[in-house]
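Enquirer: Structure incoming, see below.
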Amino acid sequence: MTKVIEMTPEEFNTAVQAKVDEALSSKEEAHARQEAEDALTEAKATFEKLRAALEAKDAKIAEYEEALAKLDTNAPSEAEVAANERTVELEATIETLSRRAEVAEAALETLAREETAAGRMSDLEDAGIALEGDEAERQYAKVRGFDDESFEAYKSELVALKSKYASSSEEEGEDSEVELAEQEVAAIAESLGCDPQDEKCVSLVRDVASKMAQVTRDRRSTPAAEEAAEEEVVEGTESSEEAAAKPHKETASTKLSLGDAISKAMDQEIQAPPGLKAELAQAWEERYAEKHGENKS
């Protein structure tokens with residue numbers, strides 16, 4: 001206080017101004033310091049946000065890099081791609097060749113069956129039991145479907161039936177009648193494909209059998225008469241006693257068996273008249289049309 005009193009007005013003004021400047025300076029410094037602290041705090045918060053974002057970005061980048069690394073590992077190499085393409089080409093080639101082989105095998109099998117069937121028909125011709133015309137085509141198709149065992153059985157049966165018919169025909173007289181049992185008629189009709197219950201079919205079967213038997217007798221009568229005449233000249237006339245001693249052979253009605261009728265139908269040397277065969281074929285076709293889709297009796 002003493003100092004203030006002792007001051008001159010100029011000194012007092014200077015001292016007051018100094019105090020005022022000091023007070024103002026302190027206030028400005030405090031405000032500036034507060035602003036600096038606020039800015040620093042805000043900058044620190046912003047930095048933390050940026051650092052967190054950067055860390056998240058780095059993690060995402062690392063994830064992408066790992067995924068890319070896996071993709072690179074699983075991706076086939078050029079050699080693998082070329083090998084796969086070659087494998088596909090080879091598989092396609094193998095499939096094509098397999099189809100060609102199947103076709104060729106089927107063709108060879110067909111040729112083998114045809115060759116076998118032709119050989120079998122030749123065997124039947126040699127045995128005299130092959131058919132002609134349309135019947136030959138049906139017989140060809142039939143023997144083509146046989147195995148060796150079935151064909152041999154079929155051939156043996158036809159040969160046996162033909163032999164049986166031939167031996168029976170030698171004993172027939174000129175006025176011999178052809179008689180067929182019902183079972184034989186039914187069997188022949190069934191083998192021909194017509195209904196044995198059909199009167200027209202049965203009539204045609206009996207007519208064919210009778211006419212073929214007549215053809216056989218006509219063809220055998222002349223050679224038999226000539227042979228008998230020659231034997232009579234060579235051996236001479238038998239005495240009446242020897243003739244009486246011999247048992248008299250009665251002329252009986254000859255029954256034509258199933259084998260007889262079928263074998264004659266298959267005999268190339270003795271064929272039924274064309275008109276009769278056409279009539280039988282027509283009746284057969286009509287009956288088949290009526291019974292189409294049903295089982296044969």
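Residue numbers (full-length UniProt numbering): 1 to 297.
Glycine included, each C-beta is placed from N, C-alpha and C at the ideal position.
Over the uninterrupted alpha helix (DSSP H) stretch that includes SER77, give me the two end residues.
Expert: Where SER77 is concerned, there is no enclosing alpha helix (DSSP H), given that its DSSP letter is neither H nor E.
Enquirer: Which same chain residues, not among the five before or five after LEU111, have their C-beta less than 8 Å away from its C-beta?
Expert: none
Enquirer: Using 8 Å as the threshold, is the C-beta distance between LEU158 and ILE129 below it?
Expert: Taking 8 Å as the cut-off, the beta carbon of LEU158 is found closer than this to the beta carbon of ILE129.
Enquirer: Using only the alpha-carbon positions, how far apart do LEU50 and GLU10 sit?
Expert: Approximately 58 Å between the Cα atoms of the pair.
Enquirer: Please confirm if the stretch 117 to 135 is in contact with the stretch 89 to 108, defined as three or more CB-CB distances below 8 Å between the two stretches.
Expert: no
Enquirer: Using only the alpha-carbon positions, how far apart do LYS70 and TYR64 sit?
Expert: 10 Å
Enquirer: Quick check on PRO196: does DSSP put it in helix, strand or coil?
Expert: coil
Enquirer: Given this structure, state the Cα-to-Cα distance separating PHE146 from LEU161, to the nearest angstrom.
Expert: Rounded to whole angstroms, the gap between the alpha carbons of PHE146 and LEU161 is 19 Å.
Enquirer: Is GLU10 helix, strand or coil by DSSP?
Expert: helix
Enquirer: Buried or exposed, going by whether 16 or more other CB atoms sit within 10 Å of the CB of ASP134?
Expert: It counts as exposed.
Enquirer: Should ARG144 be listed as close to the ligand MN, given that the test is whether its C-beta is under 7 Å from any heavy atom?
Expert: Of ligands this structure carries none, so the ligand MN is not represented either.
Enquirer: Where does GLU184 land, buried or exposed, given buried means 16+ other C-beta within 10 angstroms?
Expert: buried
Enquirer: Just how far apart, CA to CA, sit ALA82 and ALA101?
Expert: 28 Å
Enquirer: Have a look at ASP58 and ALA39 and give me their C-alpha separation to the nearest angstrom.
Expert: 28 Å
Enquirer: Answer with buried or exposed for GLN139, where buried requires no fewer than 16 other C-beta atoms within 10 angstroms of its C-beta.
Expert: Under this definition GLN139 is a buried residue.
Enquirer: Around the Cβ of residue 341, are there at least 16 other Cβ atoms within 10 angstroms (buried) or fewer (exposed)?
Expert: Residue 341 lies beyond the stretch modelled for the chain, which goes from 1 to 297, so this question has no answer here.
Enquirer: Roughly how many whole angstroms lie between the Cα atoms of GLU294 and ASP195?
Expert: Caution applies to GLU294, whose pLDDT of 47 falls short of 50 and renders its modelled position unreliable; the value that the coordinates give is listed next. Between GLU294 and ASP195, the C-alpha separation is close to 11 Å.
Enquirer: Going by Cα to Cα distance, which pick from THR87, ARG144 and ALA52 is closest to GLU115?
Expert: ARG144
Enquirer: To the nearest angstrom, report how far apart LEU54 and ALA36 are at their CA atoms.
Expert: 26 Å
Enquirer: Since LYS164 and ALA127 are thought to touch, with beta carbons under 8 Å apart, how far apart are those beta carbons, to the nearest angstrom?
Expert: 14 Å between Cβ atoms; not a contact.
Enquirer: Please report the distance separating the alpha-carbon of ALA56 from that of THR46.
Expert: 15 Å
Enquirer: Might you give, ordered along the chain, the residues of its own chain that have their beta carbon closer than 6 Å to the beta carbon of ASP148, omitting 5 neighbours on each side?
Expert: none
Enquirer: In three-state DSSP terms, what is GLY133?
Expert: Looking at GLY133 - three-state DSSP - the assignment turns out to be coil, as it is neither helix nor strand.
Enquirer: Less than 8 Å between C-beta atoms, sequence neighbours within five positions excluded: which residues of the same chain meet that for ARG113?
Expert: Once the five neighbours on either side are set aside, the close Cβ partners of ARG113 are ARG144.
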